[in-house]
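Engineer: All residue numbers for the sequence shown refer to UniProt numbering, where the first residue is 13 and numbers rise by one.
Even glycine gets a Cβ: it sits at the ideal position worked out from N, Cα and C.
Note that the coordinates shown come from a computational prediction; the quantities given were computed from them, not determined experimentally.
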Amino acid sequence: RRLVLATRNVYKITELRAILGESGLDVELVGADAYPEVPDVKETGVTFAENALLKAHALARATGHPAIADDSGLCVDVLGGAPGIFSARWSGGHGNDRANLDLLLAQLADVPDEHRGAHFECAAALALPDGTERVVSGRLTGTLRREPVGGGGFGYDPVLQPHGETRTCAELTPDEKNAISHRGKAFRAIAPIVRELLG
Ligand code: ITT
Ligand code: NA
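Encoded structure:
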């Protein structure tokens, strides 16, 4: 049976394939790119969970297959949780990771090390064509570096150093990142729910 990944972010697709693959789901994971006729959803929610559900429902309804979606972002303590749900468009247009990261570092230039706490958050949503829905979330806490370090991952990975780590997320191997990440936690938590509902 088919489970559609309601995302067009290739980095998320790669991470989700690894995380859900290891959780032993007996499903065929198909990226949203297999359905180019389905329009992108407007993320009008005010929480990660609302936006993840919007994306999952839209794809489940349009394709007739169960769909899972990820809405995620970086929440910075001294910015009151921003960029949060605006992480992908913090510097203007959607999805310019480097510009978003540069703007964030500029905004935090005067913030001392002891006040550079932040976390990644991920909401994992499952929607069935009949409207059934589930959503769970995961979090990775850490501190923000002053300069980007590392070539792995995507988005804000080069600046977030997880608690207990000396490396940034962009210096971790893909398996190391998935083992501790917001996305790993959220999708490992939703995997048994998918298994139960798709039985
Ligand atoms: P879809 O909506 O198609 O899934 P998107 O890239 O637009 O793809 P989001 O709206 O959820 O996804 O935006 C997530 C942003 O949050 C992303 O652009 C990154 O900047 C940041 N982000 C999310 N997860 C991250 C991670 O694991 N590492 C670094 N940055 C991350
Ligand atoms: Na979003």
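Spatial neighbours of V39 within its chain, please: C-beta separation below 6 angstroms, excluding the five flanking residues on both sides.
Structural biologist: Here residue 39 is taken as the residue at index 27 of the sequence shown, counted from 1. If we look at V39 and ignore the five residues flanking it on each side, its Cβ neighbours are R13 and L15.
Engineer: Check whether the stretch 109–121 and the stretch 153–165 touch, using three or more Cβ-Cβ pairs below 8 angstroms as the test.
Structural biologist: In short, these stretches touch, since the Cβ pair count reaches three.
Engineer: Roughly how many angstroms lie between the CA atoms of T56 and C134, to the nearest whole one?
Structural biologist: Start at 1 with the first residue of the sequence shown, and residue 56 comes out as number 44. Start at 1 with the first residue of the sequence shown, and residue 134 comes out as number 122. Using only the alpha carbons, I get a separation of about 17 angstroms.
Engineer: P124 to L156, Cα distance in whole Å?
Structural biologist: Start at 1 with the first residue of the sequence shown, and residue 124 comes out as number 112. Start at 1 with the first residue of the sequence shown, and residue 156 comes out as number 144. Roughly 10 angstroms separates the two Cα atoms.
Engineer: With C-beta atoms as the reference, is F199 less than 7 angstroms away from A136?
Structural biologist: In the sequence shown, counting from the first residue as 1, residue 199 sits at position 187. In the sequence shown, counting from the first residue as 1, residue 136 sits at position 124. In this structure, A136 lies closer than 7 angstroms to F199 by Cβ.
Engineer: How long is the line joining the alpha carbons of K67 and A18, rounded to whole angstroms?
Structural biologist: On the sequence shown, residue 67 is found 55 positions in, with the first residue counted as 1. On the sequence shown, residue 18 is found 6 positions in, with the first residue counted as 1. Whole-angstrom Cα-Cα distance: 6 angstroms.
Engineer: Please determine whether the Cβ atom of N63 lies at a distance below 6 angstroms from any heavy atom of ligand 2.
Structural biologist: Position 51 of the sequence shown holds residue 63. Checking the Cβ of N63 against ligand 2 gives yes.
Engineer: Check this for me: beta carbons of L37 and R29, under 7 angstroms apart or not?
Structural biologist: If you number the sequence shown from 1, residue 37 lands on position 25. If you number the sequence shown from 1, residue 29 lands on position 17. No, Cβ-Cβ distance for L37 and R29 is not below 7 angstroms.
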